[in-house]
Amino acid sequence: MRYDDFRRSDDIEDRRGDDGSGMGGGGLGLPIGGGGGLGIGTIIVLGLIGYAFGIDPRILIGGAEMLNRGGQAPTYQTDRRSGTTKTGAPTDEMGSMISGILGEIDDRWSEIFQASGQSYSGPRIVLFRNVTNGGRCGMAQSAMGPFYCPPDKQIFLDTGFFREVETRFRGCSGSACKFTAAYIIAHEAGHHVQNLLGILPRVTRLQQQAGSKAESNALQVRIELQA
Numbered sequence: 015m016r017y018d019d020f021r022r023s024d025d026i027e028d029r030r031g032d033d034g035s036g037m038g039g040g041g042l043g044l045p046i047g048g049g050g051g052l053g054i055g056t057i058i059v060l061g062l063i064g065y066a067f068g069i070d071p072r073i074l075i076g077g078a079e080m081l082n083r084g085g086q087a088p089t090y091q092t093d094r095r096s097g098t099t100k101t102g103a104p105t106d107e108m109g110s111m112i113s114g115i116l117g118e119i120d121d122r123w124s125e126i127f128q129a130s131g132q133s134y135s136g137p138r139i140v141l142f143r144n145v146t147n148g149g150r151c152g153m154a155q156s157a158m159g160p161f162y163c164p165p166d167k168q169i170f171l172d173t174g175f176f177r178e179v180e181t182r183f184r185g186c187s188g189s190a191c192k193f194t195a196a197y198i199i200a201h202e203a204g205h206h207v208q209n210l211l212g213i214l215p216r217v218t219r220l221q222q223q224a225g226s227k228a229e230s231n232a233l234q235v236r237i238e239l240q241a
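Just so you know, we're using this note's numbering here: the sequence shown kicks off at 15 and counts up by one.
Here it is, written out as structure tokens:
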């Protein structure tokens with residue numbers, strides 16, 4: 015099935031024409047990236063993508079580390095003329111694909127929740143370029159990679175990340191790269207499901223009580239693999 019066949023979700027906030035001003039801080043998000051190295055979540059997801067699509071994971075991880083170090087990362091031009099945020103399903107090719115992927119994910123999870131007598135409310139995807147306000151999870155930057163913000167129930171995506179995978183990483187071409195976006199969005203939506211079921215808050219408490227960093231990291235690995 016092609017993403018063209020999917021229902022388009024309107025739960026999209028398109029900030030790609032924004033200037034990134036008014037960024038907040040202090041939020042509590044999952045440790046995805048930053049701080050001089052890739053987070054556990056990013057490494058695991060890239061490894062799974064490589065395994066699923068026949069791409070050498072070392073290529074994806076190495077490229078992502080290059081972006082995370084700064085200075086060597088490509089720059090994505092932000093259209094500062096409008097400075098506006100649009101809501102609803104985008105009409106450009108990349109935005110339309112993401113909207114379709116989210117619509118399909120929401121429909122499938124709605125069926126699963128309904129089968130168990132529960133209702134499902136999907137996440138909102140925030141599209142941006144370079145940097146944006148990450149709400150209660152602080153500042154969202156390209157180098158962090160895609161991530162889910164539990165307090166706000168939002169997935170933050172810099173669409174340049176997907177274009178980078180498709181155009182720069184060796185060994186990635188054709189349908190493999192096109193489905194990378196779907197794989198990543200589905201993974202972040204998995205974190206949303208964990209949040210709805212109370213799994214994320216419980217793991218956060220366990221991490222705070224952990225006796226060592228290794229124990230805390232082990233919990234994070236389990237969360238990423240489950241998603």
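For every residue, glycine included, the Cβ atom is placed at its ideal position computed from N, Cα and C. The structure presented is a predicted model; accordingly, all values stated were derived computationally and were not measured.
Environment of residue i [buried if 16+ CB atoms lie within 10 Å]
i: R30; result: buried
i: L211; result: exposed
i: S156; result: buried
i: A154; result: buried
8 Å CB neighbourhood of residue i in its chain, flanking five on each side removed
i: W123; result: Y134, G136, A203, V207
i: D25; result: L116, D120, G136, P137, R138, I139
i: S130; result: none
Residues of its chain near residue i, where Cβ-Cβ distance is below 6 Å and the 5 sequence neighbours each way are ignored
i: I198; result: P160
i: F176; result: A195
i: A224; result: S230
i: L214; result: P164, Q208
i: M108; result: T173
i: L245; result: Lying outside 15 to 241, the shown extent of the chain, residue 245 is not represented and no answer is given.
i: D28; result: K100, P104, L141
Residue i to residue j span [Cα, whole Å]
i: D106; j: L220; result: 42 Å
i: V240; j: A200; result: With the sequence shown as reference, residue 240 is identified as Gln, and Val is not the correct amino acid for it. One C-alpha to the other measures close to 12 Å.
i: E118; j: F20; result: 6 Å
i: G38; j: G152; result: Note that G38 scores a pLDDT of 43, beneath 50, so its modelled location is shaky; the value from the coordinates is reported in the next line. Whole-angstrom Cα-Cα distance: 5 Å.
i: H205; j: Y162; result: 7 Å
i: T101; j: K227; result: 40 Å
i: M111; j: D18; result: 7 Å
i: Q132; j: E125; result: 9 Å
i: R150; j: K167; result: 10 Å
i: A127; j: R216; result: Rather than Ala, the amino acid found at residue 127 in this sequence is Phe. When rounded, the distance between both Cα atoms is 20 Å.
i: S35; j: L141; result: Confidence at S35 is low in this model, with a pLDDT of 45, below 50, so its placement is unreliable and the value that follows should be read with caution. Cα to Cα, S35 sits roughly 15 Å from L141.
Nonlocal neighbours in the same chain, by C-beta distance under 7 Å from residue i, ignoring five residues either side
i: S113; result: R22, S23, I26, A103, P104
Residue i Cβ short of 7 Å to the ligand MN heavy atom set
i: G159; result: This structure does not include the ligand MN; it has no bound ligands of any sort.
C-beta neighbour in chain D for residue i, strict 8 Å
i: G212; result: Absence of chain D from the displayed structure is noted, only one protein chain being present.
### Message
Three or more C-beta pairs under 8 Å: does that hold for the region 158–178 against the region 131–148?
### Response
Yes, since at least three Cβ pairs between the region 158–178 and the region 131–148 fall closer than 8 Å, the two stretches touch.
### Query
For the region 197–239, which segments carrying the alpha helix (DSSP H) assignment without a break, of at least 4 residues, lie completely within its bounds, in sequence order?
Look at the region 197–239 and you find these whole runs of alpha helix (DSSP H), each 4 residues long or longer: 213–223.
#### Entry: In chain order, each beta strand (DSSP E) run of at least 3 residues that lies wholly inside the region 124–153
The region 124–153 contains these whole beta strand (DSSP E) runs: 138–142, 145–147.
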